[in-house]
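In UniProt numbering, the protein residues as written are 1 to 779.
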């Protein structure tokens, strides 16, 4: 330990210290209430003016409203555990209180609360007895609502006995670990440990890989890193936004409260299945099909498919225009294609150059036949502007000409092209020649038109959309240019309004206001606009469960972050997909240089007995974790194993039902009636049957049926993949050997989800390395 703690002091002294801290907490909340009331009053006044006045008046009203709404939302979100730390420093400095946001007395007379992200708060997370810096004492305040209920002190004066490896705020940390799960992730801002804080405050630039075993806080660290980066680099990131990519929509719902509780709301969250605006992936691929679609080879296939839309006819074609015969000649098409490609534009945009070039060649033939050329024998032949206009109009209005030009450079959409590629084996075989796709591979890709898109299709569609560009051609490019000019004018106007009305302080910027408001009223936030724009490039991207992403998925994400500023979170040992990469460098080969790695080594979730067993199982299966992880604690009875007593399906089902009822009852005793969360994790083909059965059991039905989703219900039946990134008080693991046959990573995930207890139920053999002494059947 780092020194004497609050639990060592007499009860009377502890209560006196709590009473003194309560005065400071009251003062901080009092200031918070003042600010909230001020912003509410100002917002009411602004809204009461209505949509009247000049363009400038309306824009200024909207700018004020945006500022007050943002500030109020930020202040409302930090109510819980607003103050959680105190630093006592040398040099006679006043105690420094640390909390969710920074607060000062009116007119900035005195700092009441330091934002946890500020440099002056860093010693709260980094100071140790070996390296205390200016810190004499670090105090952790535990609150319930606005009441201080306990505190914990760590003396860091350098003379106290020091165990450098101890945990900061051990009491508060263990209390958080022991608390019942509530179906949503909580922030860890009050209990961030030193190795986590180092990762959170890492520089913005480059790709940072945050790896570590189960329960090491990778996701929590990534979310707090987002909040820190938005605080540290707000002017840069508020213009471009931050994208957070999770493994499932359930996972995103699980973490949705964390960033708002840290005062940040303007972040785009998505899954790979939802990455492409306007496209919903409702289908599911078999693992071998998903693996095939994820190969980098599909990018080359997409490129060939787009190039295949640019065709040179094998022979000259005769075209009739108003009784005049003209020729579409292969050599002219070839020249037009070459010129269009040199523009560097995507296929649909470059089509305008191709079409204009072809039209020029056809017009000269048509004009010559009509006798409209001007110039002597030794002069270049030209056309009058008026003649040129009607000659071109004749060509454009002739269906045969339009059809011939389109067949040489066919405009299309990513969805139509990929659908044709999947539905036509001959077309797929033609474009796949030499790419290493076998006949079986091509058959795996075969599907009928109209079949639902899958998550694995999204990166391929995104690749095609990048190569094709918008279907509207040059008009969309011109519209984008006009939109950029309009936005620059609005930003300039908003900047002037901010300066005139003193709306600074880093909460709102000209770009934010210009993007959200125009003369007609509210516009979309940066996050909302980014989520609707496939071509949006982000200032930073966070990817959770990154070990699951394919080469094609990485291409889609890297395309959205040209600066390569990313936080990549994962554990190679927990990968479900086949073909586990040997390193993060291999997985992120497309990111180029600048990839750095950080390892989290302490598991705060999983009891040591369970974690050690999980490591033993995957190691015996030939997939040992690539880096060591140590559990911060252990619990008695953390691992239980129940044999169903026979091989029958009915016996296994009954055993699961009894174990679930027993574990729910134990949670009631330990945490209070109805508290805590339980998950039954099993192979995919058991989920539906087990869920249906458990919903009919009198002792467990209510736990499985209350709540609209698996996160809302007290208990749920899930696969290991569905449980990724989530945690539960108790996990009932059914037939682990079945899960191991699909993936050692899946079993590793399933075994390490519980914070209290893992209860294995089996009829078949157990995997090597798992505890084999079965418990008695629960009563």
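Don't be surprised by glycine CBs; every beta carbon is placed ideally from N, CA and C. Here the structure is a predicted model, which is why all the values come from computation and not from measurement.
Under the assumption that residue i contacts residue j (Cβ atoms under 8 Å), give the Cβ distance between them as a whole number of angstroms.
i	j	result
residue 745	residue 574	5 Å
residue 185	residue 258	6 Å
residue 214	residue 534	Contact flag wrong, Cβ pair sits at about 34 Å.
residue 125	residue 192	5 Å
residue 690	residue 717	5 Å
residue 780	residue 75	The structure shown has nothing for residue 780, since the chain only spans 1 to 779.
residue 305	residue 437	About 13 Å; that fails the 8 Å criterion.
residue 302	residue 464	5 Å
residue 216	residue 255	Incorrect: roughly 16 Å between the Cβ atoms, too far for contact.
residue 245	residue 542	7 Å
residue 247	residue 725	6 Å
residue 271	residue 252	7 Å
List the DSSP bridge partners of residue i.
i	result
residue 318	327
residue 570	211
residue 310	409
residue 357	None; residue 357 has no bridge partner.
residue 454	283
residue 337	DSSP, once it has assigned bridges, lists no residue as partnering residue 337.
residue 99	83, 115
residue 730	678, 757
residue 788	As displayed, the chain neither begins before 1 nor continues past 779, which places residue 788 out of reach and without an answer.
residue 718	681
residue 104	111
residue 762	643
The alpha helix (DSSP H) spanning residue i covers which residue range?
i	result
residue 111	Segment 111 to 115 is the beta strand (DSSP E) holding residue 111; no alpha helix (DSSP H) there.
residue 300	297 to 307
residue 42	11 to 48
residue 461	457 to 468
residue 415	414 to 423
residue 188	That residue, residue 188, is in no alpha helix (DSSP H); it is neither H nor E in DSSP.
residue 749	744 to 751
residue 528	526 to 531
residue 706	Premise fails: residue 706 is in no alpha helix (DSSP H) and is neither H nor E.
residue 432	First-last for residue 432: undefined, no H or E at that position.
residue 345	Neither: residue 345 is in no alpha helix (DSSP H) and is coded neither H nor E.
residue 126	122 to 126
residue 392	385 to 396
residue 441	439 to 445
In terms of residue numbering, what span does the beta strand (DSSP E) encompassing residue i cover?
i	result
residue 142	135 to 144
residue 85	83 to 89
residue 151	147 to 155
residue 540	540 to 543
Let me check you understand the geometry: is the CB of residue i closer than 6 Å to at least one non-hydrogen atom of the ligand COA?
i	result
residue 611	Judged by which ligands are present, the structure shown has none, so any question about the ligand COA falls away.
Scan the stretch 577 to 648 and note each continuous beta strand (DSSP E) run of 3 residues or more that stays entirely inside, going in chain order. 595 to 600, 639 to 643
At which residue ranges does the stretch 205 to 291 contain complete alpha helix (DSSP H) runs of 4 or more residues, listed in the order of the chain? 218 to 232, 234 to 240, 249 to 255, 258 to 261
Counting beta carbon pairs with one atom in the stretch 552 to 565 and one in the stretch 729 to 740, are three or more of them shorter than 8 Å? no
Are at least three pairs of beta-carbons, each pair with one atom in the stretch 221 to 229 and one in the stretch 623 to 642, less than 8 Å apart? no
For the stretch 67 to 78 against the stretch 17 to 29, are there 3 or more C-beta pairs whose distance is under 8 Å? no
With three or more beta-carbon pairs closer than 8 Å as the criterion, would you say the stretch 198 to 211 touches the stretch 91 to 107? no
Given 8 Å, three or more beta-carbon pairs between the stretch 343 to 360 and the stretch 397 to 417: The stretch 343 to 360, when compared against the stretch 397 to 417, does touch it at the 8 Å Cβ threshold.
Quick one: any contact between the stretch 658 to 670 and the stretch 685 to 700, if contact means 3 or more CB pairs under 8 Å? yes
Can you confirm whether the stretch 539 to 548 touches the stretch 594 to 605 when touching is taken to mean that 3 or more C-beta pairs between the two stretches lie within less than 8 Å? no
Tell me whether the stretch 421 to 436 and the stretch 326 to 342 touch, counting them as touching only if at least three CB pairs, one residue from each stretch, are closer than 8 Å. No, the stretch 421 to 436 is not in contact with the stretch 326 to 342.
Spell out a yes or no on whether the stretch 282 to 293 and the stretch 117 to 124 are touching, meaning 3 or more CB-CB pairs, one atom from each, closer than 8 Å. no
Would you call the stretch 643 to 654 and the stretch 760 to 768 in contact, with 3 or more CB pairs under 8 Å? yes
Validate contact between the stretch 385 to 393 and the stretch 366 to 373 using beta carbons, cut 8 Å, 3 pairs: yes
On the three-pair Cβ rule with 8 Å, is the stretch 142 to 158 touching the stretch 226 to 240? no
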